[in-house]
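Last residue of the sequence shown? That's 207 in the working numbering, and every number before it is there in order.
By construction, the Cβ of each residue, glycine as well, lies at the ideal position given by its N, Cα and C atoms.
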Amino acid sequence: MSILGITGGVATGKSAVTQFLAELGAPTISADAVARDVLRPGAAATQSVLAAFPDCRDMQSEVAAVDRALLRARIYDDPEARKMLESFTHPAIIQELREQIARWRDEKVLIAAAEIPLLFETGLEDLTDTIVVTSCSDETQVARLRARLGIDEGEARQHLAAQWPLSEKVARADVVIDTNGTLDDTRRQVAALWERFTAF
């Protein structure tokens, strides 16, 4: 069996690769999806976040909930605020990832994928057997971010500058998926990866 850790920079195609693996039959988990659940209305982490960032409360919600857009803007260029947020959310996210991967190992699944954007930054390399990094050019990342977030080039490049250099992640990868091309190009690479781990 093999647990694949899917990681890479922002807008490099991590979710697409994870989706393609799921279509091939791999069970998957996404740290971002877990994070959304950790900050669901009424959750313990939600209460802590709202206490620390009361200006990020969702005023349209009838229950205590986080306005994620306001929260993203609040921590965008404030490293200390980001660290505080992570102290509330990361323990619960990491616990869920560890528990799910442990279940997969107990079940002896052939291949599974955990999409963890901050895999290296949070020192979670030990969770996985093979680290798969999605990679594309800076220009492609910038274009995707501008389209996704409706921001200008300067803001998009600020997003990239706030992250680990993609080249450093690529250097630590066991497998690199080049996502500069079409989705079909990416799908073919994922299919080859699948064959590598499922062929007998």
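Have a look at 172, 171, 186 and 102 and flag the residue whose alpha-carbon is nearest the alpha-carbon of residue 42.
Nearest of 172, 171, 186 and 102 to residue 42, Cα basis: 102.
When the distance is taken between beta carbons, is residue 167 closer than 8 Å to residue 148?
Yes, these two residues count as a Cβ contact at 8 Å.
Would residue 14 and residue 46 be called neighbours here (beta carbons separated by less than 8 Å)?
Contact flag unset, no.
Check whether the Cβ atoms of residue 123 and residue 49 sit closer than 8 Å, and answer yes or no.
Their beta carbons are not under 8 Å apart, which means residue 123 does not touch residue 49 by this criterion.
Considering only DSSP beta bridges, list what residue 141 is partnered with.
DSSP lists 15 and 184 as partners of residue 141.
Could you check where the alpha helix (DSSP H) with residue 267 kicks off and where it finishes?
The chain is shown only over 8 to 207; residue 267 falls outside these bounds and no answer can be derived.
Within 8 Å, do at least three Cβ pairs link the region 14-23 to the region 185-204?
With the cut-off at 8 Å, the region 185-204 and the region 14-23 touch.
Report the start-end ranges of each beta strand (DSSP E) in the region 23-78 that is 3 residues or longer and not cut off at the edges.
Counting only runs of 3 or more, we get 35-37.
With a threshold of 6 Å on Cβ separation, who are the neighbours of residue 119 within its own chain once the five nearest residues in sequence on each side are excluded?
Excluding positions up to five away in sequence, the list reads 10, 33, 34 and 111.
With a threshold of 16 other CB atoms inside 10 Å of the CB of residue 142, please say whether the residue is buried or exposed.
Buried, by the Cβ-count rule.
Would the beta-carbon of residue 82 fall within 8 Å of that of residue 75?
No, the Cβ-Cβ distance between residue 82 and residue 75 is not below 8 Å.
Decide if residue 205 is buried, meaning its Cβ has at least 16 other Cβ atoms within 10 Å, or exposed.
By the neighbour-count rule (16 or more Cβ atoms within 10 Å), residue 205 is not buried but exposed.
What separation, rounded to the nearest whole angstrom, lies between the Cα atoms of residue 214 and residue 70?
Residue 214 lies beyond the residue range present for the chain, which begins at 8 and ends at 207; the question has no answer from this structure.
Does DSSP put residue 158 in a helix, in a strand, or in coil?
Coil.
Considering only DSSP beta bridges, list what residue 9 is partnered with.
According to DSSP, which records beta bridges pairwise, residue 9 is partnered with 118.
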